[in-house]
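Here's the structure we're looking at; comments come further down.
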Amino acid sequence: MNTPHHDPDYNFGYLDEQTKRMVRRALLKAIAIPGYQVPFGSREMPLARGWGTGGIQITAALIGPADTLKVIDQGADDTTNAVSIRRFFERVSGVATTELTEDATIIQTRHRIPEKPLEAGQILVYQVPQPEPLRKLEPSEAETRKMHAWAEYGGMYVRLYEDIARYGHVATTYSYPVLVNGRYVMSPTPIPKFDNPKMDDMPALQLFGAGREKRIYAIPPYTSVKSLDFEDHPFTVQSWTEPCALCAANDSYLDEVITDDRGGRMFVCSDSSYCEDRRAKGHVGKELATAEALAYVGHVEGGSDVA
Amino acid sequence: MTQSVATHLASGLADPVFGSQTVFRTLLDALSAPGKVFTLADDLAGAPAGLPAAAASILLTLADYETPVWLPEGYDETRRWLAFHSGAPVASSKTNAKFALMDAASPDTHLGAFNLGEDRYPDTSTTVIIVCEALSGGSPQTLRGPGIQTTTTFAPLGVHPSFWDEIAENNALFPLGVDLIFVAGSAIAGLPRTTQIAGA
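Top to bottom, those sequences are chains A and B.
Here my numbering is used: the first residue of the first sequence is 1, the next is one more, and so on.
Here my numbering is used: the first residue of the second sequence is 1, the next is one more, and so on.
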């Protein structure tokens, strides 16, 4: 086998083989019970808990020489968390990495789902800060376990209803709870609710790892994922009045970027790979020149800044 | 003494790190696409007589000292081989087993005898490896459920007729229930507890 070069001071993928087996067993049970949180023996990792250690342990248990890894943080490939996790896997596994969604076999993500639809055979690994959707309603793990066991989800609907009573609409915009396979209420992680509909019936496998909270859960491909709502207050996603200022996309999730100290701002795609791909294809947003002048984006020539 | 152990014990995975990684990814694919038949890469350097290569690969990939394995009668060589390679203890009963081996043709098809998990921890249930003659050519079953886009057909050969009723009962227990991995030679197919049997 043509094994890639990894740092010989570590086992391939950093984790020892017994830990990988434990994580792998948890992953298989998670797939068999969609949306249910499987406890696992989360290990100390060489970065602090809360920085994606759950996702990293899943990726480490999955990854092999044939894989191509993409890591994103809030949609971007070039932010600190994404860069350091990508470098970590380059070092401990030596596998190929990419920024292109379509080239990746494993995509580890913090708080976004890529704009480009994922395909069968791809695996999306979410980093999860708080896996328990009921935690703000009930602080006790023993109690939330029972609530899931007996599908006692009335409290969650009351929480959404209280939003409607107070604001006239459901004010939750991220970590918007979903019902998986008609049985378990699950936290989709702090993705914007804009991304929730992408989870439903997705052809790719979705895996979720919470390192600090020691939980793994999963959504198999082609599984029903419904955002909780009411008949008279159906679930809706965010929308914007203007397209992306850089690539003119009107179908992507936009981040606000402050451009000066006099109130100047623009809205740009949070998925940096999607935005670059569109600009490389000639799409020009109305503030692209301003952004280039500010060096917020480089002049895209289809290149990549990752070593 | 050393000599006799060496001649009696078959080897395990040729490469424990990369071999188990590819086996695991195939298992992940199999449980994510119930009823679809996958072939495991031939990473096995040896397996005990009577144990299909796929079952041997799965046990070496997933079993260790934390996972009691239940084996039916007649798998003594497998018992010794597994203890040597994985350190997995033998389960004293079906309800203690994390993994179990079962012959698909056996008239004792009762899946409820295994550990079904409990309502707060349904993940503690047994994963049962079902040994078949082949994973195609049998009476076709239509499957639906998570991992299957619409429906799919699964027709393992040499399965006791009452087995499909057992699987339907197992599915009705959701979120409790055992998860099944069908094996024949080096072929595998997953049938997690979520999969529904829609009939012939």
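Even glycine gets a Cβ: it sits at the ideal position worked out from N, Cα and C.
Remember, predicted model here, so these are calculated numbers, not experimental data.
Classify residue 169(A) as helix, strand or coil using the three-state DSSP reduction.
coil
Extent of the continuous alpha helix (DSSP H) to which residue 70(A) belongs:
Not the alpha helix (DSSP H): residue 70(A) falls in the beta strand (DSSP E), residues 68 to 73.
What's the gap between the Cα of residue 105(A) and the Cα of residue 57(B)?
23 Å
Using a Cβ-Cβ cut-off of 7 Å, state whether residue 1(A) counts as contacting chain B.
Any reading at residue 1(A) needs caution, since the residue's pLDDT is 47, under 50, leaving its predicted position unreliable; the model's value is listed next. True, the Cβ-Cβ gap to chain B drops below 7 Å.
Going by beta-carbon coordinates alone, are residue 216(A) and residue 209(A) separated by less than 7 Å?
yes
Whole runs of the alpha helix (DSSP H) within the stretch 157 to 198 of chain B, excluding any shorter than 4 residues
163 to 172
At a CB-CB cut-off below 9 Å, which residues of chain B make contact with residue 12(A)?
One finds 17, 18, 21 in chain B with Cβ atoms closer than 9 Å to the Cβ of residue 12(A), taken in chain order.
Interfacial residues, the stretch 24 to 40 of chain B to chain A, with Cβ spacing under 9 Å
24, 25, 27, 28, 29, 31, 32, 33, 34
If you reduce the DSSP assignment to three classes, tell me which class residue 157(A) lands in.
helix
Who are the neighbours of residue 149(B) on chain A, taking C-beta pairs under 7 Å?
222
Residues of its chain near residue 191(B), where Cβ-Cβ distance is below 6 Å and the 5 sequence neighbours each way are ignored
34, 180
Taking the DSSP output, what are the residues bridged to residue 254(A)?
269(A)
Please report the distance separating the alpha-carbon of residue 164(B) from that of residue 163(A).
47 Å
Near-chain B residues of the stretch 28 to 53 of chain A - C-beta to any C-beta below 8 Å
Residues passing the 8 Å Cβ filter: 28, 29, 30, 31, 32, 33, 34, 36, 38, 39.
Residue 51(B) and residue 22(B) - do their beta-carbons sit closer together than 7 Å?
no
Got a sec: is the Cβ-Cβ distance from residue 205(A) to anything in chain B below 7 Å?
yes
Does residue 180(A) come out as helix, strand or coil in the three-state DSSP assignment?
strand
Taking buried to mean at least 16 other C-beta atoms within 10 Å of its own C-beta, is residue 279(A) buried or exposed?
buried
Find the residues of chain B that neighbour residue 215(A), judging by a C-beta separation of less than 9 Å, and give them in chain order.
At a C-beta separation below 9 Å, residue 215(A) has no neighbours in chain B, since its nearest C-beta there lies roughly 11 Å away.
I believe residue 43(A) touches residue 19(A) by the beta-carbon criterion, under 8 Å. Please report the beta-carbon distance rounded to the nearest angstrom.
6 Å
Using a 10 Å radius around the Cβ and a threshold of 16 neighbouring Cβ atoms, would you call residue 191(A) buried or exposed?
Classification of residue 191(A): buried, given that the 10 Å Cβ count is 16 or more.
Give the residues of chain A in contact with residue 42(B), contact being defined as C-beta atoms less than 7 Å apart.
Near residue 42(B) there are no residues of chain A at all, since even the closest Cβ is about 12 Å away, more than 7 Å.
Quick check on residue 240(A): buried or exposed, where buried means 16 or more other Cβ atoms within 10 Å of its Cβ?
exposed
Would you mind working out which of 212(A), 11(A), 221(A) sits nearest residue 129(A), comparing C-alpha positions?
212(A)
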